[in-house]
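Heads up, the thing below is written out as C-alpha cells.
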Amino acid sequence: MTKEEERTDFIREFVKEDLAEGRFEEVCTRFPPEPNGYLHIGHAKAININYGIAEDFGGEFNLRFDDTNPVKEEIEYVEAIKKDIRWLGADWEDREFYASDYFEQLYEYAVQLIKKGKAYVDDLSADEIREYRGTLTEPGKNSPYRDRSVEENLDLFERMRAGEFPNGARVLRAKIDMTSGNINMRDPVMYRILHEEHHRTGDEWCIYPMYDFAHGQSDSIESISHSLCDLAYEAHRPLYNWFLEELEIFHPRQIEFARFNLSYTVLSKRYLGRMVEEGYVDGWDDPRMPTLAGMRRRGYPPEAIRAFMDEVGIAKNESIIDFALLEHHIRQNLNQHAPRRMGVLNPLKVVITNYPEGKTEMMEFVNNPEDESAGTRMVPFSRELYIEREDFRENPSKRFWRLGPGREVRLRYGYFIKYEDHVKDEDGEVVEVHCTYDPETRGGYAPDGRKVRGTLHWVSAAHALDAEVRLYDRLFFMRNPLDVEEGEDFVENMNPDSLTVLPNRKVEPSLADAKPGEVFQFERRGYFCVDPDSTADNLTFNRTVTMRDTWKRIEKRLRQQKKR
RNA sequence: UGGGGAGUGGUGCAAUGGUAGCACAGCGGCCUUUGGAGCCGUUGAUCCUGGUUCGAGUCCGGGCUCCCCAGCCA
1 MTKEEERTDF
11 IREFVKEDLA
21 EGRFEEVCTR
31 FPPEPNGYLH
41 IGHAKAININ
51 YGIAEDFGGE
61 FNLRFDDTNP
71 VKEEIEYVEA
81 IKKDIRWLGA
91 DWEDREFYAS
101 DYFEQLYEYA
111 VQLIKKGKAY
121 VDDLSADEIR
131 EYRGTLTEPG
141 KNSPYRDRSV
151 EENLDLFERM
161 RAGEFPNGAR
171 VLRAKIDMTS
181 GNINMRDPVM
191 YRILHEEHHR
201 TGDEWCIYPM
211 YDFAHGQSDS
221 IESISHSLCD
231 LAYEAHRPLY
241 NWFLEELEIF
251 HPRQIEFARF
261 NLSYTVLSKR
271 YLGRMVEEGY
281 VDGWDDPRMP
291 TLAGMRRRGY
301 PPEAIRAFMD
311 EVGIAKNESI
321 IDFALLEHHI
331 RQNLNQHAPR
341 RMGVLNPLKV
351 VITNYPEGKT
361 EMMEFVNNPE
371 DESAGTRMVP
381 FSRELYIERE
391 DFRENPSKRF
401 WRLGPGREVR
411 LRYGYFIKYE
421 DHVKDEDGEV
431 VEVHCTYDPE
441 TRGGYAPDGR
451 KVRGTLHWVS
461 AAHALDAEVR
471 LYDRLFFMRN
481 PLDVEEGEDF
491 VENMNPDSLT
501 VLPNRKVEPS
511 LADAKPGEVF
521 QFERRGYFCV
531 DPDSTADNLT
541 FNRTVTMRDT
551 WKRIEKRLRQ
561 QKKR
C-alpha cells in the first residue's frame, strides 16, 4: 500500500500543536450550515476541511444546522443539504444536531450572563441601536437602558420569552464595550423577538438567539475542539471567546480560513438564489449551477470534487480558482471510470457503397481502455452510418487528418473506409458522403500494415437511438462576475448561451438502458451524464465536460498565422 | 482618518533564516485504433523600500495595494 503523502496546512499544524500541548484530548469538528439555501462548491471546501481533519486525527465530525432564524429557514433545505453532504462522502454518523436543540440551554446561558451583570434588555429601536453603535471611526455610546438592575433585566427577559412584547420591541444585549475598535464588541445583540413559526420548534419560542450567541455555545455543548470557519468570522472571534469565558464552559478554538471563488461563476447563496428566483437558471440543481446539486446532475463525480478541494489547499488568501482546474479533476476521474460509448452530436450520413444492403455485423468495442476489467460490448455495423459533420471536409488542409476527398480513415473498431463522393442539397450543404470499405480491415486493423491518421467514431443509422443532448457553457462571461461598475448588476455579465439543447442526436443502441446519473464518455466528444428527465422515449444527456481538444487549439493557431 | 486579515509565475498552493518547488493553464516534442489518455521537455514569480545577517520570500522598520466588520442575517 502506498502511503499517502501527509496533508498539511496551517490549520492541521495548529491542531497538532493543540494536541501536543494537551489543550484538547481529541479532535471534533463540525459543519454548520444554515438551512436557507443549497450547498455550493464553496461549502464543499468547508466540509472537506472539517471532515478531513476529523478523519486525519481520528476524531469526530458533526453536522449541525445553524437554524436560529426562523424567517429564513426551511425544512426543504435541510433535506437537500443532508443529501448533498452524504453524496460528497462526509459521514456525520448519528451526530445530526440543530442549534435549535439547544434553545433551552442557550436561554439558561443568557440568564446566567444577566445575573452576572453582563447582559441587559435594551428598549432602543433597531434604528436607535444603529445610531448608538457609532461608526467605523467613531466610538459608540451607551444605551440609556444599559444599567438596568439584574432583577429588572431578568423580569423583562422572561417576559420577552413569554411573548408579552411585539417584534422589535426589545432585545437582549451583551454588556461589553461601546467604544471598542471592533464593532462586534459594542454590546452585540444576543436575542431578538420574532413571533415566527420555527421549522423544528414550532411556536415554542418567540425569541431567538443571534448567531454570535448561538454558535460558540453550540460548539461548546458538542465538545467541538476546533471550530473552523471562514475569514468573515475573524472579527467575531473575540466575541466568540468572550461568551465562552464569561460562561466558563468548554472552550473550542475557532480558526478561520479563506473561502474561494471559482472563475466565471458566483458562489454565494444570495446570488445563486436570485438566479433561481428570477429564472436565469432552471433551479438550484440546474447543471450549470455551481451548487453540489447542480454538479451532481451535471455528472461531476464527488471523488473528483474532493480531489479538487485537496489541491486547492487551505490558506488565508482570497482566491479565484481557475475553472480549468476543476475540469481537470473531473476529466481525470472520468477518464479512469467512465465507460466509453459512441454518440454523434452533429450527424452526417455515410453510405458504404460496397457494403451489402441489409447486412449487419456486430463489432467488438472496448468499454474502457483505461480499465481492462470493464470488458467489451458488441455494436452493430451496417451500410449506412452517421459520423460527425465536422469529421468531413470538402477541402481539408494537410493538418486535418479526417475524412475528405482522397482520404482514407478508420472507423473506430470498424473498418477502414475510403472517400468516393459526396452529395449536397440545394443550399450547398453536404448531406451524404459515399465511401468504400476494405473488408480486410475488420476491427480497424490493416493486415498490410498501412497507416491511417484519422480514427472516427460512428453509429449505424438503422440501429442508432435518438437522444436529446444538452450542452453547457460558462454561466458568466467574466472571470469575476461580481467585478461590476457602480450601478451595474452582476446578472448583466451572464452568458445568454450557457445552455444549448440538441434534439434528435444519434447514440449507440446499448445506451437504451442507461440510468439517470450514469456518466459515459462519448468517444472524442466528451463526458455525458444521463439526466433525471431522461425517459425511454426521450433519452437525455447532459454534457459533463468536453474532451481536451488539441485540434481546436491547432486550428486556432493556424488561423492566427494566416491572418499575419 | 477605528479594528481585523492578506500580498510568491497567468491561476492556486508550498518553501517554517540556507539551491524559490508542485499542480493547473500555456508552449514544444514523443506515442496513440479517442487530435482523448500517457510520457518527456519548457516559458514564467517573492508588492515597494530601508535595515539585521555570511545568507531574507521568511526576521525588523516604513510605505503601497486588496479584502472583511457599522443586520434585531449567518
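Sequential numbering of the first sequence, starting at 1, is according to my numbering. The beta-carbon is built from N, C-alpha and C at its ideal position, and this holds for glycine as well. Note that the structure is a prediction, hence the values are computed from the model and not measured.
Evaluate residue i with the Cβ neighbour count: other Cβ atoms within 10 Å of its Cβ, from every protein chain shown; 16 or more gives buried, anything less gives exposed.
i: threonine 291; result: buried
i: alanine 44; result: buried
i: asparagine 538; result: exposed
i: arginine 331; result: buried
i: arginine 412; result: buried
i: methionine 289; result: buried
i: proline 35; result: buried
i: proline 144; result: exposed
i: phenylalanine 31; result: buried
i: glutamine 217; result: buried
Would you grab the beta carbon distance between residue i and residue j for me? Rounded to a whole angstrom, and I think it's under 8 angstroms.
i: valine 409; j: leucine 334; result: About 26 angstroms; that fails the 8 angstroms criterion.
i: asparagine 493; j: phenylalanine 476; result: 5 angstroms
i: glycine 454; j: arginine 306; result: That pair is no contact at about 37 angstroms.
i: glutamate 432; j: valine 351; result: 6 angstroms
i: histidine 251; j: aspartate 212; result: The Cβ separation is near 15 angstroms, so there is no contact.
i: isoleucine 49; j: phenylalanine 260; result: With 8 angstroms as the limit, isoleucine 49 and phenylalanine 260 do not qualify as a contact, their Cβ atoms being about 12 angstroms apart.
In angstroms, rounded to a whole number, what distance separates the CA positions of residue i and residue j?
i: leucine 156; j: phenylalanine 61; result: 38 angstroms
i: arginine 253; j: tyrosine 191; result: 24 angstroms
i: alanine 119; j: isoleucine 255; result: 26 angstroms
i: glycine 37; j: leucine 267; result: 12 angstroms
i: tyrosine 271; j: threonine 265; result: 10 angstroms
i: lysine 83; j: glutamate 74; result: 15 angstroms
i: arginine 148; j: leucine 124; result: 13 angstroms
i: alanine 304; j: leucine 325; result: 11 angstroms
i: isoleucine 554; j: asparagine 317; result: 36 angstroms
i: proline 496; j: leucine 348; result: 28 angstroms
i: phenylalanine 392; j: asparagine 542; result: 25 angstroms
i: glycine 487; j: tyrosine 386; result: 51 angstroms
i: lysine 398; j: lysine 418; result: 17 angstroms
i: lysine 506; j: valine 423; result: 21 angstroms
i: leucine 231; j: proline 70; result: 25 angstroms
i: glutamate 76; j: threonine 68; result: 16 angstroms
i: leucine 403; j: proline 302; result: 39 angstroms
i: lysine 269; j: proline 396; result: 49 angstroms
Pick helix, strand or coil for residue i, following the three-state DSSP scheme.
i: arginine 259; result: coil
i: alanine 514; result: coil
i: histidine 337; result: helix
i: proline 302; result: helix
i: glutamate 388; result: strand
i: methionine 1; result: Only weak support exists for where methionine 1 lies, its pLDDT of 25 falling under 50; the value from the coordinates is given anyway. If DSSP states are grouped into helix, strand and coil, methionine 1 belongs with coil.
i: threonine 550; result: helix
i: proline 503; result: strand
i: arginine 159; result: helix
i: histidine 422; result: strand
i: phenylalanine 97; result: strand
Which same chain residues end up closer than 8 angstroms to residue i when comparing Cβ atoms and leaving out the 5 residues on each side of it in sequence?
i: asparagine 367; result: Pro339, Arg340, Ala374, Gly375, Thr376 and Arg377
i: glutamate 440; result: Ala446, Pro447 and Asp448
i: methionine 185; result: Ile176, Asp177, Pro238, Leu239 and Trp242
i: glycine 117; result: Val150 and Lys175
i: leucine 511; result: Arg341, Gly343, Leu465, Ala467, Phe520 and Leu539
i: lysine 359; result: Ser382 and Arg383
i: histidine 463; result: Thr360, Pro380, Ser382, Glu508 and Pro509
i: tryptophan 87; result: Leu292, Arg296 and Pro302
Near residue i, what residues of its chain come up, given a Cβ to Cβ distance below 7 angstroms and the 5 sequence neighbours on each side ignored?
i: aspartate 549; result: none
i: tryptophan 205; result: Phe103 and His198
i: valine 171; result: Asp122, Val189, Tyr191 and Arg192
i: valine 276; result: Gly283 and Trp284
i: glutamate 4; result: Legend: pLDDT at glutamate 4 = 43, less than 50; position of this residue unreliable, no value from coordinates given.
i: asparagine 182; result: Ala235 and Pro238
i: phenylalanine 365; result: Thr376, Arg377, Val379 and Tyr413
Please go through the same chain and pick out, in chain order, the residues whose beta-carbon is closer than 6 angstroms to the beta-carbon of residue i, but skip the five residues on each side of it.
i: methionine 547; result: Gly526
i: arginine 133; result: Gly140 and Arg186
i: arginine 389; result: Asn346 and Leu348
i: glutamine 336; result: Glu370
i: arginine 524; result: His457
i: aspartate 569; result: The chain is shown from 1 up to 564; residue 569 falls before or after that span and cannot be answered.
i: tyrosine 51; result: Phe61 and Ala90
i: valine 501; result: Arg470
i: aspartate 531; result: Thr540 and Asn542
i: arginine 23; result: none
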